[in-house]
Each structure stands twice: as C-alpha cells, then as structure tokens.
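Asker: Reminder that position 129 of the sequence shown reads as 442 in the working numbering, one-by-one numbering, no gaps.
Positions of the beta carbon are idealized from the N, C-alpha and C atoms, including for glycine.
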Amino acid sequence: SSGINAEYGGGYVFITNLVPLHVLIVLLMGKYNSRIYISYSTFYIVGLVCSMQVPFVGFQPLRTSEHMAAFGVFGLIQVVAFLHYLKSVTSKKQFEVLFKTGFLLSAVLGFILITCLTWAGYIAPWSGRFYSLWDTGYAKIHIPIIASVS
314 SSGINAEYGG GYVFITNLVP LHVLIVLLMG KYNSRIYISY STFYIVGLVC SMQVPFVGFQ
374 PLRTSEHMAA FGVFGLIQVV AFLHYLKSVT SKKQFEVLFK TGFLLSAVLG FILITCLTWA
434 GYIAPWSGRF YSLWDTGYAK IHIPIIASVS
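1) Quick one: measure Cβ to Cβ for S354 and I390, integer angstroms, because I've assumed they're closer than 8 Å.
2) With distances taken from CA atoms, which of C363, A382 and R376 is nearest G335?
3) Straight-line CA distance for M365 to L375?
4) Can you check which of these residues, T377, N346 and I349, is closest to L361 by C-alpha distance?
5) In angstroms with no decimal places, state the Cα-to-Cα distance between H380 and G450.
6) Going along the chain, which unbroken runs of the alpha helix (DSSP H) with 4 or more residues stay wholly within the region 402-441?
7) With 16 other CB atoms within 10 Å as the buried threshold, where does I436 fall?
8) When the Cα atoms are used, what is the spatial distance from P457 to Q373?
9) Can you tell me where the alpha helix (DSSP H) holding Q373 begins and where it ends?
10) Considering just the uninterrupted stretch of the alpha helix (DSSP H) at G360, what are its terminal residues?
11) Please work out which residues of its chain come closer than 8 Å, Cβ to Cβ, to G385, disregarding the five sequence neighbours upstream and downstream, and give them in chain order.
12) Just to confirm, are L411 and L422 a CB contact at a threshold of 8 Å?
13) Are I349 and V339 close, meaning C-beta to C-beta below 8 Å?
Here you go:
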C-alpha cells in the first residue's frame with residue numbers, strides 16, 4: 314500500500330502517520346500483544362522498503378521529519394516488546410531497576426542522537442506540508458501545489 318501510494322503522488326505519508334497513531338493509542342491503552350507487534354513491524358518495514366523503491370522518494374522516509382512519528386512508534390514498539398520479554402524472565406525488583414536505568418539512558422541518548430543528526434543535516438527540518446497543517450495560509454503563499462490540494 315505504501316509503495317503504491319508513494320508512486321501515485323505522495324499520499325503514503327498520511328497512511329504512514331495514521332497507522333502509527335493508531336498503534337500508539339493501542340499501546341497507551343495497555344492493549345499490547347504480539348499480534349500488534351508483528352503486524353506493525355511488518356507494515357513499517359515493508360512500507361518503508363516499498364516506498365524507498367520509488368525514484369523520487371528515495372531515502373526521504375529515513376531522513377525527513379514527516380516520517381519520524383512512524384519511526385518513533387516503530388522504535389517504541391520494539392522497546393515495549395523487549396520490556397515484556399524482560400518482565401517474563403526477571404524478578405519484579407530486577408525489572409524495576411533495569412526499566413528505570415534503561416529509560417533514563419535511552420531518553421538521554423535518544424535526545425542527543427536526534428539533536429546531532431538534525432544538526433548534521435541527516436534529518437531534514439519540518440517541511441511545508443507540516444507548516445501548512447498549523448497555518449493554512451502558509452501553503453497559499455509559499456507552496457502553491459500544496460495549497461491546491463489542501
């Protein structure tokens with residue numbers, strides 16, 4: 314689906330962000346299970362690879378901020394799956410120590426990594442599509458093609 318949408322005009326970004334939003338809500342409700350993990354991981358990887366096969370899309374799914382929500386939820390679901398595994402093989406006290414240490418360490422390292430990658434130019438800043446969500450007049454002035462479809 315993502316590959317076909319990427320081929321025909323870029324609608325894949327909407328789908329690529331809508332599905333992770335649903336998965337995030339499911340995770341926040343505490344309804345995680347292995348089926349959610351398998352289905353979202355498969356959706357994300359296959360969709361990413363298929364959309365990257367489109368010549369004008371290329372590596373944008375890895376570098377633009379429009380795709381970071383999907384990447385973030387993919388990373389989050391990996392962490393949740395790992396935590397469920399750890400919880401099943403460790404005692405409650407060991408799990409609490411591992412969870413607190415791991416959360417603090419990954420939050421600090423994740424912030425530093427994203428900041429450095431953005432500063433170095435590997436992650437692109439927000440695009441006109443994002444700005445036009447907040448200010449509908451932005452697209453009309455700066456990006457007429459977006460204004461014609463929004």
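Answerer: Per the coordinate set shown:
1) Your pair S354 and I390 checks out as a contact, with CB atoms roughly 7 Å apart and the cut at 8 Å.
2) Just to set this straight, residue 335 is His in the shown sequence, not Gly. Checked all of C363, A382 and R376; the closest Cα to H335 is A382.
3) 9 Å
4) The option with the nearest alpha carbon to L361 is T377.
5) Taking C-alpha positions only, H380 is separated from G450 by approximately 23 Å.
6) 405-433
7) buried
8) 21 Å
9) Q373 to R376
10) S347 to M365
11) P333
12) Taking the C-beta atoms as reference points, L422 is found no nearer than 8 Å to L411.
13) yes
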